[in-house]
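Data block below; observations after.
Rendered as structure tokens:
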């Protein structure tokens, strides 16, 4: 479908969309995909290649030029004017638009290994050491109008699909997790509440703030209560004309510079889940004598993020600050979490992508035992394993984000599962990679210095509003219902769920349900069993692994049905949490299978259509579940290793999209 | 301690449920979540005051759906926060269902 005619921020000439579009797009900064950007990308190839990989770099120079051409072509697609009565031209699809946005960002960021690049990895590291976000990178994102990614198209932004948001923002996380979080995702987390339940005026105003480049903070957190929001004490007391705010919000990103705050506030003294409300307060409306910004926290990772807090002392806000219904704050939080939990883990995949590329470069260049590290079987298997884990994570992230559009009533479980499992797998995989990197993993500067930064930054994805245990606690109460009603009973998911480049209908902000009795993703794995091809050794391997996964679902069903009531509360035994873990891994397997089958059916990406990666990824997930599956056919691993090298030399991303990179 | 049997024929017997029988079913089930005796659960005290967390509230909702063959909003225990309120709401829902069945 063609729901996104305008791409504000890309070419000032973009056509307005939606009711608010006419005025909104005019105010969006005219950050163009300048024709000059393509030559700039090509010029990167003049950067001196590192001695260790001189040959590889020389080989890739040609492909990088090709990538720059591809980027330029994609950018051209965008400028084709498109109105209802447009002349026939290249068909502008959601896919061509997102490719152009990514190519634009890549060419703006340039080659991270080029010392002359103000956005190089060395500069990113220096900014981290200084505890700031790289100023040049913030300016770049301002110039690109990046905040428009968080604003729905109907309000003048570019947000039409969650999987696209992930894909574009991943390019920022690829460079710097702190930048991704501190520049933008904080604002997205705040805005998700307003897009879900805000009034017309609140939505319009927030879109205006974001499109003007302002930050918005999301203030849920109070240190004494962790993820137990129901106990939050920050108060919004009813007062003439609105509310008065009392209390503290802690570890709040951008509290010192945000133009507005989304505040999760107690509006009723009674215990329970109807005693809180969400408020949207603009900094400019607040009495400066009645609120203050708390001192900044110093963190292990994302050191450039400005984490501080807010302290209110009877600060008045107007009645129209209330977002959604009074007393419905917990419900609104749980609904908007489904958007953020689905999307944020997939963005973090960018950091693993860069780290894998860093370690491949190391392994190709370093010689030990009279051969390159890449030729040492343990090292090369670790790199292939990291690639497979990345693909599994991306398959799961893809399914979770597309499910928001296609299966909104099932999203509560998938969002929690992806937010639980993906950050965890990313962290585990970074550890595996650090072993190959050896002592260099411990060095904070130089050629491999960015690796340790990503190691420190990535765990932040497991913290914040939805810690791992909180996500498992979202899954636990739904397990017995799914076991009774859904597993082995429901309809399979539409094939669209698994298509990385497939078009999607708009985000149904109002239709996200708090709990579900269905699980179409699992049903897809069950339904696939009878239809799997069994020709090649790799196909047979997939089939055998899927049969084991089916056994796993049976076991999950049995174990879920025998949970005692106490084991279905927040204070459940560790066994309940382990059950939620196994279920999340099972969902990752179902996602991998779905992505492979869709690619094989569509005849799309030849690597994704090849059963080799699916077999190898399922094999790793089976082992994660404690199974001991039969060894894979050697050809599977060979195919995966070959792809690791191809994407390195051709400068392509390691995710489902095989995206051309500037570096 | 006995939990009402789950093999009871559903839907046809909706009309048999009184607010009283539903209240005692709820008190027994909630007591299991809280590791208390059903007699300790007063009908008019908000369940959150007993420490019934939001995860348990969602599980309880699933139990009700299963044993009484109804579909409820997952937030039902938030909007009807006491045994008395929840039993009253459930009785209405079951009456409505029985009405539809006829």
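Residue numbers (the working numbering), protein chains in the order written: chain A, 33 to 695; chain B, 272 to 373.
C-beta: ideal position from N, C-alpha, C; glycine also.
My guess is that residue 19 of chain A and residue 349 of chain A are in contact by the Cβ rule of under 8 Å, so how many angstroms apart are they, rounded?
Any answer about residue 19 of chain A is impossible in this case: the structure gives chain A only from 33 up to 695.
Less than 8 Å between the beta carbons of residue 358 of chain A and residue 297 of chain A, yes or no?
no
Beta-carbon spacing of residue 287 of chain A, residue 238 of chain A below 8 Å:
no
Would you list the residues sitting across from residue 296 of chain A in a DSSP beta bridge?
A/310
For residue 180 of chain A and residue 141 of chain A, I'd like the C-alpha separation in whole angstroms.
18 Å
Have a look at A/450, A/391 and A/458 and flag the residue whose alpha-carbon is nearest the alpha-carbon of residue 471 of chain A.
A/391
Residue 397 of chain A - containing beta strand (DSSP E), residue span:
That residue, residue 397 of chain A, is in no beta strand (DSSP E); its alpha helix (DSSP H) goes 361-397.
Give the residues from the stretch 600-613 of chain A that approach chain D closer than 9 Å (Cβ to any Cβ), ordered along the chain.
Given the protein chain composition of this structure (A and B), no chain D is represented.
Considering only their Cβ atoms, is the gap separating residue 372 of chain A from residue 220 of chain A smaller than 8 Å?
yes
For the candidate residues B/352, B/353, B/340 and B/369, whose alpha-carbon lies nearest to that of residue 549 of chain A?
B/340
Work out the CA separation of residue 356 of chain A and residue 397 of chain A for me, nearest whole Å.
57 Å
Are the Cβ atoms of residue 633 of chain A and residue 536 of chain A separated by less than 8 Å?
no
Residues bridged to residue 285 of chain A [DSSP beta-bridge criterion]
A/339
Start-to-end residues for the alpha helix (DSSP H) that takes in residue 430 of chain A
409-438
Residue 610 of chain A, DSSP secondary structure in three states:
helix
So what does DSSP say about residue 325 of chain A, is it helix, strand or coil?
strand
Does the Cβ of residue 328 of chain B have 16 or more other Cβ atoms within 10 Å, making it buried, or fewer, making it exposed?
buried
Nearest candidate by alpha-carbon position, reference residue 613 of chain A, set A/628, A/658 and A/579:
A/658
How about residue 290 of chain B: is its C-beta nearer than 8 Å to some C-beta of chain A?
no
Cβ separation of residue 377 of chain A and residue 445 of chain A, assumed to be a contact under 8 Å, to the nearest whole Å:
Not really, about 15 Å apart at Cβ, beyond 8 Å.
Between A/514, A/178, A/513 and A/458, which has its C-alpha nearest residue 493 of chain A's C-alpha?
A/458
Please report the residue range of the beta strand (DSSP E) in which residue 270 of chain A lies.
267-271
State the Cα-Cα distance for the pair residue 337 of chain A and residue 544 of chain A, rounded to the nearest angstrom.
30 Å
Listed by chain order, chain B residues near residue 516 of chain A by CB distance under 8 Å:
337
Any chance the stretch 207-215 of chain A sits against the stretch 249-264 of chain A, with 3 or more Cβ pairs inside 8 Å?
no
Please report the straight-line C-alpha distance between residue 58 of chain A and residue 313 of chain A, rounded to a whole angstrom.
Residue placement at residue 58 of chain A is poorly supported in this model, since its pLDDT is 35, which falls under 50; the coordinates are not used for a value here.
Compare the C-beta of residue 333 of chain B against all C-beta atoms of chain A and say whether one is closer than 8 Å.
yes
Taking all protein chains shown into account, decide if residue 586 of chain A is buried (16 or more other Cβ within 10 angstroms of its Cβ) or exposed.
exposed
So the candidates are A/223, A/316, A/416 and A/353; which of them puts its Cα closest to the Cα of residue 670 of chain A?
A/416
Mark residue 302 of chain A as exposed unless 16 or more other C-beta atoms lie within 10 angstroms of its C-beta, in which case mark it buried.
exposed
Environment of residue 597 of chain A [buried if 16+ CB atoms lie within 10 Å]
buried
What does the Cβ neighbour count give for residue 370 of chain B, buried or exposed, with the cut at 16 atoms within 10 Å?
exposed
Does the stretch 639-655 of chain A come close enough to the stretch 577-585 of chain A that 3 or more CB-CB pairs lie under 8 Å?
yes
Along the chain, where does the alpha helix (DSSP H) containing residue 139 of chain A start, and where does it finish?
126-141
Where the beta strand (DSSP E) containing residue 249 of chain A begins and where it ends:
248-251
Could you name the residues of chain A that residue 350 of chain B contacts, counting a contact when the two beta carbons are closer than 8 Å?
306
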